[in-house]
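Positions in the sequence shown are counted from 1; adding 1 to them yields my numbering.
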Amino acid sequence: MEPKTSFSLVILVILSISMAKFSIPAKADHNEHKETKISVYFHDYASSDLFVFDDLIIEGPDPKSASVGRGQGITVTACLDGLNVYVSLLIVFTNEAYNGSTIQIQGNNNQLKVIREYGVVSGTGKFWYAKGYATFENYFFDPSTSYSIIRCNISIRH
Numbered sequence: 002m003e004p005k006t007s008f009s010l011v012i013l014v015i016l017s018i019s020m021a022k023f024s025i026p027a028k029a030d031h032n033e034h035k036e037t038k039i040s041v042y043f044h045d046y047a048s049s050d051l052f053v054f055d056d057l058i059i060e061g062p063d064p065k066s067a068s069v070g071r072g073q074g075i076t077v078t079a080c081l082d083g084l085n086v087y088v089s090l091l092i093v094f095t096n097e098a099y100n101g102s103t104i105q106i107q108g109n110n111n112q113l114k115v116i117r118e119y120g121v122v123s124g125t126g127k128f129w130y131a132k133g134y135a136t137f138e139n140y141f142f143d144p145s146t147s148y149s150i151i152r153c154n155i156s157i158r159h
């Protein structure tokens, strides 16, 4: 019985060392992350308590500004008094600098605030593993058509 016990003990030690080696996470090198700041303008038509959108995103408030991409997502009234909205937004870049990359923004905020802040929860392409925040501020609003221009400033680490 002694050889079986020794053999079992050796296997157990080898497995323990292997598991420890592969289960210890590597230290993240925070110097590898970079910070990117982006400022863009959404051109939006809003309506109802549940709104699905696919907005043009451009470099400036002028409708003739260069296209950056599309803002695709939903907003949902998220409280009984109708003031808070939940936002799930995907920015899909089509410009040369970030073509094919995306940034995912989510959060809940009071829609009457002058500046609304949301979390950047993910990204793809050049924004892989993006984390950060985005602020939204109404630049222009036409109540007769529900058309608005919304400035979005994004600060992310990726």
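For each residue, glycine too, the CB sits at the ideal point set by N, CA and C. Given the structure is predicted, the values throughout are model-derived calculations rather than measurements.
How far does the beta strand (DSSP E) with Q107 in it reach, from first residue to last? The residue labelled residue 107 in the question sits at position 106 within the sequence shown. Its beta strand (DSSP E) spans residues 103-111.
Taking DSSP as the reference, what is the three-state secondary structure of E33? In the sequence shown, the residue the question calls residue 33 occupies position 32. The three-state secondary structure of E33, taken from DSSP, is helix.
Nearest candidate by alpha-carbon position, reference H44, set E138, R158, N109, H159: Translated into positions along the sequence shown, residue 44 becomes position 43. It is E138 whose Cα lies nearest to the Cα of H44.
With DSSP as the reference, label K127 as helix, strand or coil. Numbered from 1 along the sequence shown, position 126 holds the residue referred to as residue 127. Reduced to three states, the DSSP call for K127 is helix.
Starting from G70 and walking both ways along the beta strand (DSSP E), at which residues does that stretch end? Taking the sequence shown and counting its residues from 1, the one referred to as residue 70 is at position 69. First-last of the beta strand (DSSP E) with G70: 68-78.
Between which two residues does the beta strand (DSSP E) harbouring E61 extend? Within the sequence shown, residue 61 is the residue found at index 60, counting from 1. The sequence given here places Gly at residue 61; Glu does not occur at that position. Segment: none, G61 is in no beta strand (DSSP E) and carries neither H nor E.
Can you give the Cα-Cα distance for A21 and G126, rounded to whole angstroms? The count along the sequence shown starts at 1 and reaches residue 21 at position 20. The count along the sequence shown starts at 1 and reaches residue 126 at position 125. At A21 the pLDDT is 47, less than 50, meaning the model places this residue with poor confidence; the figure from the coordinates comes in the next sentence. Roughly 32 Å separates the two Cα atoms.
Distance, Cα to Cα, G108 vs V41? Working through the sequence shown from its first residue, we reach residue 108 at position 107. Working through the sequence shown from its first residue, we reach residue 41 at position 40. It is roughly 19 Å from the alpha-carbon of G108 to the alpha-carbon of V41.
How long is the line joining the alpha carbons of V122 and T136, rounded to whole angstroms? Working through the sequence shown from its first residue, we reach residue 122 at position 121. Working through the sequence shown from its first residue, we reach residue 136 at position 135. Straight-line spacing of the CA atoms in V122 and T136 works out to 14 Å.
Consider the C-beta atom of P62 and the heavy atoms of the ligand GDP; say whether any pair is separated by less than 7 Å. For the ligand GDP, the structure offers nothing, since it holds no ligand at all.
Enumerate in chain order the residues of its own chain whose CB-to-CB distance from Y148 is below 6 Å, with the five nearest sequence positions on each side excluded. Residue numbering aside, residue 148 sits at position 147 when the sequence shown is read from its first letter. Correct list, in chain order: Y46.
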